[in-house]
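S.K.: The structure is given below, and queries will be raised subsequently.
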Amino acid sequence: MLATSLSGVTKFYGGRQILRGLDLAVDERARIGLVGPNGAGKSTLLRILAGQEDVTSGELTRRKGLRVAFLPQHIPSDECGALDVVLAGRPDLAEIEQRLAACEAELAAPEVAADLARIERVLARQEQLLRRFEELGGPGFAGEARSHLRALGLAEEDIALPMAALSGGQRKLVGLAACQAQRPDLLLLDEPETHLDLPHREGLERFIRAFEGAVVIVSHDRYLLDETVDTIAELENGAITLWPGNYSAYTLAREVALLRQQQLYVAQQKEIARLEEAIARFKLWASIVVDERHIKQARNKQRQIDAMEKVERPVLSRRKMGLRLRSAERGGQKVLELRDATVAFGDEPVLLGADLLVRRGERVGVVGANGAGKSVLGKALTGELPLADGERWIGPSIALGYFAQGHETLDAEASPLDHVRAAKPFNETQAVSLLGRFLFRYEQVRQPVRTLSGGERSRLQLLLLMLGSANCLILDEPTNHLDIDSAEALEAALEEYDGTVLVISHDRYFLDRITDRIVEVRDGELHSFEGGYSAWVEAKTPRPAPPPPPPAPPVAKPVQPPARRVRAQKRF
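Written as structure tokens, this is what we have:
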């Protein structure tokens, strides 16, 4: 049974067309992963499904009584408390509470107290509202909201904090709890994994798998898409193509389909060329010898071409950012070192007596829970944060390149063109061309950075890192906001990079492909593991105890031969 559907939907932003006659049907138990390049319109499509945005043309159809919950990509950071945000997810209960308060105020009014008939009417209305409030679960909703927050991993002391005091990952958890509190039939999630640490990403997977309704999810986490969806909806050029299976199945099926389309396209072009050659030949003959048969044959061949269902030329590889990372200098064998390092904010230590040595050519992945101090470690290694105690050492020939998680290294008021020309002495034409290789449209290169999306800012930071030619890169959540194609381009560039990489990430697919050593930040200490992410997870997973050996079979007692009876002879 369908939960909702889109038919012939078109969407314009100004003069730019985002969606072109798009069709999509969402079944009541669907698990759909929505993928596509940055700017393709994925978030716009989710807002249309949520009813938060109108379509230019086309139709949105919903099942009667369908309850929809939408988790936006960015959760507001304001003074509203986490519990209040979840309670606000049920405006129907808030409305009933307001009406009940109005009934109580009306009963307390002197003019009502003197009118028995009016009192009865107000009491009847109050009774009806109370019954409806109980049916909707109002009396226990505050406790339910707390349980949702705790189940998703928010600590009890954080529940009363304002959203502005919570981290990005914690705000995501609050948003998920607010969605859960609405008891939806359709769950729309826009990059729910952003800022979540590894344990919470695993919890998000369990949450989606346990949800009984339909889910449409926009995500750049390939592990998450592999574990939670059974259909991939590819949004490209304003249209949707559905692929059965998870993300890994989609990539394989798409590659096979494109190769098949390429074969069909080449074969059809050969046939069209053969027919056009025959048409030209018949026309030539008709011009030499006036013969109606030659003209008819030329027309028949043209009709064959016109009647063909044309195969479009496939795009075998999407346009990706042209990231090429190279170091200007080789650097020494010993790159970075922390010796008994302590970093504290006031009286609160974040890292305590940390020791870390990074050698040339290593690919170090830094993992840990939100708030454990991963970004603090990165900033301590770059020298941005001073050490309260201990020593930081950097090799004399080491040039550092730093990717900031919050894009703090970018000037929000400057344009991408300004940033590129400040990094290298390019003329305007060269700088615009280089930005075009990183997927910036011509009109974007002169806009302030504050107008760019998160993915566009990340691409700009990576471009500046490329221009810096550093021989040691410290990357803090570089795949956040990048679409999957851009993340794969970054992975390919890092695999070919000849320098040293220390990357802080929660992207499990990225860590598996890039790192050869894992450093876990836990309880203010650094725990190093030689090996990639999957090997680290396997090493941390407790192995079940071997089953006890089966009990030994009972030892059979030797069978004694029966004693012979000797019949006493009667003596006479």
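In the working numbering, the protein residues as written are 545 to 1116. Ideal Cβ placement from N, Cα and C applies to all residues, glycine included. Remember, predicted model here, so these are calculated numbers, not experimental data.
Apart from the five residues on each side of it in sequence, which residues of its chain come closer than 8 Å, Cβ to Cβ, to Leu961?
M.R.: Glu972, Ala975, Val976, Leu979, Val989 and Arg990
S.K.: Where does Ala704 fall in DSSP's three states?
M.R.: coil
S.K.: Taking C-alpha atoms, which residue in Gly905, Ile640 and Gly917 lies nearest to Arg676?
M.R.: Ile640
S.K.: Just verifying my parser: in three-state terms, what is the DSSP assignment at Ala797?
M.R.: helix
S.K.: Would you report the Cα separation of Leu637 and His692, rounded to the nearest angstrom?
M.R.: Each residue's Cα considered, the two are about 17 Å apart.
S.K.: Between the stretch 596-612 and the stretch 797-806, do at least 3 Cβ pairs fall closer than 8 Å?
M.R.: no
S.K.: Identify which residue in Val908, Asn914, Ala913 and Gly915 has its Cα closest to the Cα of Leu925.
M.R.: Val908
S.K.: Spatial neighbours of Gln1113 within its chain, please: CB distance less than 6 Å, with the 5 preceding and 5 following residues excluded, ordered by chain position.
M.R.: Residue placement at Gln1113 cannot be trusted, given a pLDDT of 47 that sits under 50; the coordinates are not used to answer.
S.K.: Return the bridge partner residues of Asp933 from the DSSP annotation.
M.R.: Thr886
S.K.: Beta-carbon separation of Thr1059 and Arg904 under 8 Å?
M.R.: no
S.K.: If Val1136 sits next to Val920, beta carbons under 8 Å apart, how far is it from one beta carbon to the other, in whole angstroms?
M.R.: No information on residue 1136 is available, as it lies outside the stretch 545 to 1116 that the chain covers here.
S.K.: Can you tell me where the alpha helix (DSSP H) holding Val964 begins and where it ends?
M.R.: Pro960 to Ala967
S.K.: Out of Ala646, Lys864, Asp850 and Pro1086, point me to the one whose CA is closest to Asp1029's CA.
M.R.: Lys864
S.K.: Assuming Ser587 is part of the beta strand (DSSP E), what are its boundary residues?
M.R.: No beta strand (DSSP E) holds Ser587; the alpha helix (DSSP H) holding it covers Lys586 to Leu593.
S.K.: Check Lys854 in the structure and name its three-state DSSP category.
M.R.: DSSP, read as helix, strand or coil, puts Lys854 in coil.
S.K.: Going by the beta-carbon positions, is the gap between Ala967 and Leu1006 smaller than 8 Å?
M.R.: no
S.K.: Would you tell me roughly how many angstroms separate the C-alpha atoms of Asp571 and Phe982, rounded to the nearest one?
M.R.: 37 Å
S.K.: So, do the stretch 699-718 and the stretch 614-626 have three or more beta carbon pairs nearer to each other than 8 Å?
M.R.: Touching, yes.
S.K.: I need the DSSP call for Thr1085, collapsed to helix, strand or coil.
M.R.: coil
S.K.: Along the chain, where does the beta strand (DSSP E) that runs through Phe1073 open and close?
M.R.: Glu1069 to Glu1074
S.K.: Quick check on Glu836: does DSSP put it in helix, strand or coil?
M.R.: helix
S.K.: For the candidate residues Ser997, Arg1003, Leu900 and Phe1054, whose alpha-carbon lies nearest to that of Gly1068?
M.R.: Ranked by Cα distance from Gly1068, the first of Ser997, Arg1003, Leu900 and Phe1054 is Leu900.
S.K.: Can you name, in chain order, every residue of its own chain whose Cβ lies under 6 Å from the Cβ of His951, other than the five neighbours on each side?
M.R.: Arg1001
S.K.: Go ahead and pull the three-state DSSP assignment for Arg606.
M.R.: strand
S.K.: Just mark Ser831 as buried or exposed, buried being the case when its beta carbon has 16 or more other beta carbons within 10 Å.
M.R.: exposed
S.K.: Evaluate Val1110 with the Cβ neighbour count: other Cβ atoms within 10 Å of its Cβ, from every protein chain shown; 16 or more gives buried, anything less gives exposed.
M.R.: Any reading at Val1110 needs caution, since the residue's pLDDT is 49, under 50, leaving its predicted position unreliable; the model's value is listed next. Exposed is the call here.
S.K.: Thinking C-beta only, is Pro992 closer than 8 Å to Ser959?
M.R.: yes
S.K.: Ala668: which of Arg643, Ala686 and Gly687 sits nearest, CA to CA?
M.R.: Taking only the C-alpha atoms, the option nearest Ala668 is Arg643.
S.K.: Apply the 10 Å Cβ neighbour rule to Phe1054 and answer buried if 16 or more other Cβ atoms are within range, or exposed otherwise.
M.R.: buried
S.K.: Assuming Ser871 and Asn1015 are in contact, meaning their beta carbons sit under 8 Å apart, how far apart are those beta carbons, in whole angstroms?
M.R.: 4 Å
S.K.: Can you give the Cα-Cα distance for Arg1057 and Glu778, rounded to whole angstroms?
M.R.: 24 Å
S.K.: Expressed to the nearest angstrom, what Euclidean distance is found between the alpha-carbon atoms of Ala1083 and Arg564?
M.R.: 49 Å
S.K.: Given that a residue counts as buried once 16 or more other Cβ atoms are within 10 Å of its Cβ, and exposed if not, what is Ala824?
M.R.: exposed
S.K.: With Val1065 and Val910 assumed to form a contact (beta carbons below 8 Å), what rounded beta-carbon distance in angstroms separates them?
M.R.: 6 Å
S.K.: Provide the residue(s) that pair with Lys555 in DSSP beta bridges, ordered along the chain.
M.R.: Leu563
S.K.: Which residues in the same chain as Phe556 place their Cβ atom closer than 6 Å to its Cβ, once the five residues preceding and following it in sequence are excluded?
M.R.: Thr600
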